[in-house]
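Protein chains: 4
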Amino acid sequence: MDDDKFHEECGVFGIYGHPDAAAHTALGLHALQHRGQEAAGIVAFDGKHFNAHRDLGQVGDIFSSSAVIARLPGHAAIGHNRYATTGETALRNVQPLFADLSNGGFTLAHNGNLTNARALRHGLVQKGAIFQSTTDTEVIIHLIATSEAGSLIDRMTSALRQIEGAYSLVAMTDSCLIAVRDPLGVRPLVLGRLGDTNVVASETCALDIIGAEFVRDVEAGEMLVLDESGVHSLRPFPPAPRRPCIFEYIYFARPDSMMEGTSIYEARKRIGMELSDESAVAADVVIPVPDSGVPAAIGYSVRSGIPFELGIIRNHYVGRTFIEPAQQIRNLGVRLKHNANRNSIEGKRVILVDDSIVRGTTSVKIVEMVRAAGAAEIHMRIAAPPTMHSCFYGIDTPQREELLASSLDVAGMAKHIGVDSLAFVSLDGLYRAMGETGRDAKAPQYCDACFTGDYPIRLTDFEQSDRPAQLSLLAERA
Amino acid sequence: MDDDKFHEECGVFGIYGHPDAAAHTALGLHALQHRGQEAAGIVAFDGKHFNAHRDLGQVGDIFSSSAVIARLPGHAAIGHNRYATTGETALRNVQPLFADLSNGGFTLAHNGNLTNARALRHGLVQKGAIFQSTTDTEVIIHLIATSEAGSLIDRMTSALRQIEGAYSLVAMTDSCLIAVRDPLGVRPLVLGRLGDTNVVASETCALDIIGAEFVRDVEAGEMLVLDESGVHSLRPFPPAPRRPCIFEYIYFARPDSMMEGTSIYEARKRIGMELSDESAVAADVVIPVPDSGVPAAIGYSVRSGIPFELGIIRNHYVGRTFIEPAQQIRNLGVRLKHNANRNSIEGKRVILVDDSIVRGTTSVKIVEMVRAAGAAEIHMRIAAPPTMHSCFYGIDTPQREELLASSLDVAGMAKHIGVDSLAFVSLDGLYRAMGETGRDAKAPQYCDACFTGDYPIRLTDFEQSDRPAQLSLLAERA
Amino acid sequence: MDDDKFHEECGVFGIYGHPDAAAHTALGLHALQHRGQEAAGIVAFDGKHFNAHRDLGQVGDIFSSSAVIARLPGHAAIGHNRYATTGETALRNVQPLFADLSNGGFTLAHNGNLTNARALRHGLVQKGAIFQSTTDTEVIIHLIATSEAGSLIDRMTSALRQIEGAYSLVAMTDSCLIAVRDPLGVRPLVLGRLGDTNVVASETCALDIIGAEFVRDVEAGEMLVLDESGVHSLRPFPPAPRRPCIFEYIYFARPDSMMEGTSIYEARKRIGMELSDESAVAADVVIPVPDSGVPAAIGYSVRSGIPFELGIIRNHYVGRTFIEPAQQIRNLGVRLKHNANRNSIEGKRVILVDDSIVRGTTSVKIVEMVRAAGAAEIHMRIAAPPTMHSCFYGIDTPQREELLASSLDVAGMAKHIGVDSLAFVSLDGLYRAMGETGRDAKAPQYCDACFTGDYPIRLTDFEQSDRPAQLSLLAERA
Amino acid sequence: MDDDKFHEECGVFGIYGHPDAAAHTALGLHALQHRGQEAAGIVAFDGKHFNAHRDLGQVGDIFSSSAVIARLPGHAAIGHNRYATTGETALRNVQPLFADLSNGGFTLAHNGNLTNARALRHGLVQKGAIFQSTTDTEVIIHLIATSEAGSLIDRMTSALRQIEGAYSLVAMTDSCLIAVRDPLGVRPLVLGRLGDTNVVASETCALDIIGAEFVRDVEAGEMLVLDESGVHSLRPFPPAPRRPCIFEYIYFARPDSMMEGTSIYEARKRIGMELSDESAVAADVVIPVPDSGVPAAIGYSVRSGIPFELGIIRNHYVGRTFIEPAQQIRNLGVRLKHNANRNSIEGKRVILVDDSIVRGTTSVKIVEMVRAAGAAEIHMRIAAPPTMHSCFYGIDTPQREELLASSLDVAGMAKHIGVDSLAFVSLDGLYRAMGETGRDAKAPQYCDACFTGDYPIRLTDFEQSDRPAQLSLLAERA
């Protein structure tokens, strides 16, 4: 199932100046769990030691014991939820990473992806750097460690100027917490406040859970330094036009989060409305593929006047890995999470709303399930344009040839998936839903490379693809 | 949070005549996970041994390894999901239970509750019976073991005639699988078919996941015997009027299940329509308390014309047990699972729809959260009548004095919860939503004792409350 | 390796009237670890509950955490170390067992073996008893539960009169601790005292570890009741001649224990002296097979004047289960525990002293190892007579045909094992080492059935071998 | 208990050219378990990947599952047993360590201790090196990584010339296995052969377990390169006089190992003989403190003619961490491992033989136990001279002021320990037992710094003790 989505982009959290820094970080990471479920870590600083706990699994499993939290004393902490790429399941890759630098202890976590990590890593290894992990994060740390600049902030600035990519990062030294958003602001990052305590997080929902108030989005290319005297804003990069990732609004972010002044839920609902305007069809019910298709389906229903029904019920209990009986059960993977609510479907003309189509493998199975439940017609409506290009700024994205829209036109896709009609929201429709009058072709307001192939950040490693992809020869389970 | 719901009533599953009996049972139990999350067990019979695996935790954790399924060979199997009562968390209480009877091996699992279990147990212990567990299930097994009847079926019939209560049970011997529904049919049980294989389960959603077709509901007071020659129907009890539990339709069952010809989802939607008819109010949005309030909220919205919005977002990742920071976070318990979607609420008159009010503790917190998100008015609508009486046929139900509706009238409850108005669906409205013209006071069509105090089954243990409540003196963690 | 020994016979421990009863029991069981390494359990009574912890593994793993001991409050406790028989590895068989009887809570542990357990069990199941385990211990509990006698002591006496076999048992009710030694005193049991607290244990080494002083051996057929008023001695059985197991002195017991006034270490040393007298041979060194052959080798060396050397070094770290490489290592099983000390062996005429020969499989490998280390001659001397008969009073003993001495004479055994000469101590020599003038054929002072076939207790189950050997049809790992 | 010994010095093992390299390494590490019980690791090279498994615990626990060995394919492997120093229990410190160097993969394990590790580390961190661990081993790896030499062997040679200390190390690249013994040969290392396969190990007992034959000791300052063409000997260091650690013969090594042509067992026995010659006393029994005192006690008994007895019995089951009852048991720590065999002691004049006295804490308790068992006189004889100086070439050694012999003379120690007489073997007696005519004061044949304070290797870090001792600010449990 999960192979048929663009992956969530990891989540970061940081808090400075609170006696329960680690406990708050655990809660913030729980609220950001949707951004990465494979591993999580927290490092807290108690004035002397950097106390760390990092493990594979979900936040609620790793950080819900009082013994673990008790081992993480400190007034400042950073945390990270990881979405693992293939081959990166080892414990050594769980962030935040830590290093004893000549300046003192330093810990760093980042979400997103660097597009010149491999090139930088190669150069560092040639000079004698020893990498513990295969993460991009460690490239940044080695750049800092080997920088000839003086202060930690200067060394970090020097490192940031060498990296290319989309990221938000949080770091911590023995005197401050640092938060950086990439020059184009592709990945999200917000600043919040809990009494006198400053907080940064990937999304506003992580502020809500701890009762912190939202202050503002961190700006594209901004570096915030949180210390005893408050929040300081630095600008380590030359100015550049903002290009936030539009897929955050389509799928990555939680619907109750706000980004750049826009409600994710409202944006999705408006995409559904655009879809209804652009590709109306006579039908009896609007049914979302839960949970990510729900807001767009509500929008479609409101605009079209066709009733909204929960025609597919999702089972939220974990069941990804059941043993397939020898005599296989058809589409078991889908059945473990979804079941058709036959009563709402049988004999009806169904508009099925999903957030996006990536490989299309799940869509085929969902449609087969809805058909088996007796749908008279199935009209699929997708709350995104066709995803025709790889995302190099995200985590473990399918290669272009794996994307259904890269090899088939809409009619071909409709046939492949087995629906009576298929429509995607238009690119301009998507931009209208975001509150724009349309996409500004000369200066696009968002990064929409997965739809347009217009990549705003250089793809150094992709262009130098002769370099071996394998970053480490070490194979170890733990 | 969970203390403020009536508890799910455990789930049972049985399959006879399939080479992958245990793997199918694991899937069936996964689909029934909502009926009990504390423990699960499967016993499979391979023609010689009764192969068992029982553990605390969720089905996906216990039964998703191939090594575990490989240890459960057999062509027949029964399984159970348990919702633990206080003090019953020990492994020895995980069903199905097993006994080496003089007739051979015997295994049994049941959902529901016996109302004379304590009295029967006391008598058995006096005669020298040694109980391994504190479950009602074991009372049935000892009655069978010490029965002087001849065949296992006769001994089981004799045992069933001595027990009082609401239950569905599945059992297995070395020659057949037995499924029994209690005389009044309070607890649900359905029969399905997968090719030549017969299947029984608490709900139809467990048939759907394995691709089995629904055959029929097991009738009230019916005993089915599944063996090599097919399905045999027996009637061990004197005839009695049917009284299925109406709370299954309100909360216990999954919305995609069918019971007695009624879609659970449709029933809930119709309750929402009745609510709208009975207690209309001027408002801007209809917002469900997710997930159980969603169908009724859709019904309310459809009937009232007031837009449906996901104004509260639920985080499905497990997070019940986080460590509360010393400086406590207000209503953390609710925040771990729910967050207000401020954009849909701020400045609006909100109709908040929930399935029921038990203690009311969660309602207070949810309302406070919605109020903090800027709601102008909050009108709470409940898709059940006030729950004024304990349920003695279910699992670990609150005592009467703990029920909010037992001590406050509707106005008092509204004030306590902090809403601008509060309304419950009427008893007749509820029955109308079930397709009746109303409640037949002389012969009520359902068990609705939690609303009416009209208990259709004798409450022997409750009436003889002088007997000590503690069933075992053994205290052991594992 | 361990298949080539008679198995240790389990160990029991009990303490009454000490605030740290469980912690002392854990220490006592640690000292008795050699009597059973597969599982251990403790039940402590705190005046209200019987607090239990039972698990597979060694005492130091199960009972060394403060959290576990904290869950076992109480002023009285009993404990058990188990040596598992085939198929009895399940958790349900870990003793002490517990039952809620009509008289109240009751817990019991026993070492040894009942020779009519199967017959008694069959009768109990016919009457409706449900067994949780496949242990002999549970037979005793069911006999007590179904007894028609009045007091617990009377019911227990009635049960004990029905059982046949060799055992020591400890039991506990809500008012006392009970310790019983079988009518012939085959299995050992001692009484000790720690201040005002009374203690019972299988061997004196368990008194030593907690600093308790030895009071006396419990007599054959004696029942001790330990309660608030002290120690009471009862005699539930008719008088019978004492027949302690002579193999305790040869192998089972720890060398630092005293039994019936005899030091185990001294007894073994004297056996070595008898061996030297009976079968002297010209040699350069006396080398024990460690650890059990050491005392007899010291005795042999002292008497013969031939130097004692540690020619075989034992590695005590756990290493039974290493993965055999595909290209197998010769005699890996022996190498994991033993290594020849070449320097003490090369070119020497070696007298190799071991405690006994059961199957002979290990002896073959040890001799091959000593030969490979360059021994000029190997003369094996065994500190027991040939074991020609099964032991029905012990745990999981080899059947007669598996015993090397049942099919080969001494010359045949010498050839099979590959030694230049082989000699066993004579039966009378063994009795002399025990301080007797020889074996009294009319009234043997010890049970020596494994050497003589003279079984002092009836072998009911063995004689009625038509009854199925399988006690339970339940197959479950945990 | 263990605080009163010099610590074992870790063990290393390497094998090149065998299809079951990892399984053999696991067995070799099992035989070397006495050199370090806190953690163990294996890295195997399969021609492509370096497959690693490293964990806390004993070899038999970590490497006895077939699943683990199956994850370690390869024809070459190195392994390590670790004895943890304070604060080094984290998983990140478990060797062998691994690094992706610019030359390719590289893995290294070493035993012993570097005396300038802190100074080297400080310099490396200043240049930007990031350390994953706090081990000395990683210093060597960073020196190699940042070396400007060309080939790996050249870079390694350059690194080795910078380090000071006592060590044996094994390393592996994608083309060879490298084994190095320190310039003075302080730590042991041997070369063996199994068919066509070459093996290196800390001691010969690791050759015995896999059936390999001993070839020769690796020479002091020798570097062996094992590859497809065989064994190559290099000499990276300037020549220096050999100074093997004499404490290996006293305590560290296994008695069945050979070092530099000497049997450890024989050396210990001869020390006992020297002791008897030097400090004879009238007595009834010679009793060893088991197990390390046994060979010297045998030697003492042989030379003195006083009978050898196992007067103290050792319980080898793990029991270090039992919960002390509130009402403490006197000397529980000693009782968990040792028990007096009263029968051999009572009323006797006892010569108690132990290998060495470090802090003396255990000696006090052992003597008290022997006294309580009724000894008439206790004469303690120690198979080493007084340990008056710290060992800077070993692991976690006590500081000088903690050594009993640094503050008390022999008479003072006798009084402190509570014995009737106390004697240590003389330094020349020790050298005689090693086959020398005595210690050559101008060119001592062994490193005996712990007795003499004559340190043959520079103590750079100790002399520059102003540098902070804390190597990492990271605190993490896993």
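Protein chains in written order, with the UniProt record's numbering: chain S, 1 to 478; chain F, 1 to 478; chain U, 1 to 478; chain D, 1 to 478. From the three backbone atoms N, C-alpha and C, an ideal C-beta is built for every residue, glycine too.
The contact set of G104(D) on chain S, defined by CB atoms closer than 8 Å, consists of L473 in chain order.
In its chain, beyond the 5 residues on either side, A220, R242, P244 have a beta carbon closer than 6 Å to the beta carbon of G185(U). By the criterion of a C-beta distance shorter than 6 Å, H142(F) is surrounded in its chain by L124, A129, once the five residues flanking it on both sides are discounted. Apart from the 5 residues on each side of it in sequence, V281(U) sits with its Cβ closer than 7 Å to the Cβ of I351, H379, S421 in its chain, given in chain order. A Cβ-Cβ separation of about 6 Å places M369(U) in contact with V334(U) under the 8 Å criterion. Here the alpha carbon of I306(F) sits roughly 40 Å from the alpha carbon of R330(S). For V139(S), the three-state secondary structure derived from DSSP is helix.
For the set H122(U), I250(U), E222(U), the Cα lying nearest the Cα of E266(U) is the one of I250(U). Take the alpha-carbon of T134(U) and the one of A117(U): they are about 10 Å apart. Distance from the Cα of K337(D) is smallest, within the candidate group I246(D), I366(D), A475(D), A423(D), for I366(D). CA-CA distance, Y455(D) to S304(D), rounds to 35 Å.
Rounded to whole angstroms, the Cβ separation of L108(D) and L191(D) is 18 Å, and the two are not in contact under 8 Å. Counting along the chain, N339(D) sits inside the beta strand (DSSP E) bounded by residues 338-340. Per DSSP, the unbroken alpha helix (DSSP H) holding V302(S) starts and ends at 294-304. With contact defined as three or more Cβ pairs closer than 8 Å, the region 190-204 of chain D and the region 5-21 of chain D are in contact. The shortest CA-to-CA distance from R216(U) to any of E228(U), I210(U), N198(U), I209(U) is the one to N198(U). Collapsing the DSSP output to three states places E463(U) in a helix.
Taken through DSSP and simplified to helix, strand or coil, R243(F) comes out as coil. Residues of chain F with a Cβ closer than 7 Å to the Cβ of H110(U) do not exist, since the nearest Cβ in that chain sits about 16 Å away.
The beta-carbon distance between L332(F) and P385(F), rounded to whole angstroms, is 31 Å. This is too long to meet the 8 Å contact definition. If you look at I153(U), you'll find it in the alpha helix (DSSP H) that goes 152-162. Counting the other CB atoms within 10 Å of its CB gives D466(S) a total below 16, which places it among the exposed residues. A direct Cα-to-Cα measurement between G319(U) and Q132(D) gives close to 31 Å. In this structure, A22(U) places its C-beta atom within 8 Å of the C-beta atom of I69(U). When secondary structure is reduced to three states using DSSP, V358(S) falls in the coil class, being assigned neither helix nor strand. Straight across, the Cα-Cα distance linking I298(S) with P325(F) is about 38 Å.
In chain order, V286, F308 place their CB closer than 6 Å to the CB of S301(D), counting only its own chain and leaving out the 5 sequence neighbours on each side. Any Cβ of chain S closer than 8 Å to the Cβ of V170(D) would place that residue at the interface, and such an atom is absent. Within chain D, not a single residue places a beta-carbon under 9 Å from that of N198(U); the smallest gap is close to 16 Å. By the beta-carbon neighbour count (other beta carbons within 10 angstroms, threshold 16), F462(F) is exposed. Annotation: S276(S) is outside any beta strand (DSSP E); the continuous alpha helix (DSSP H) that includes it extends over 264-278.
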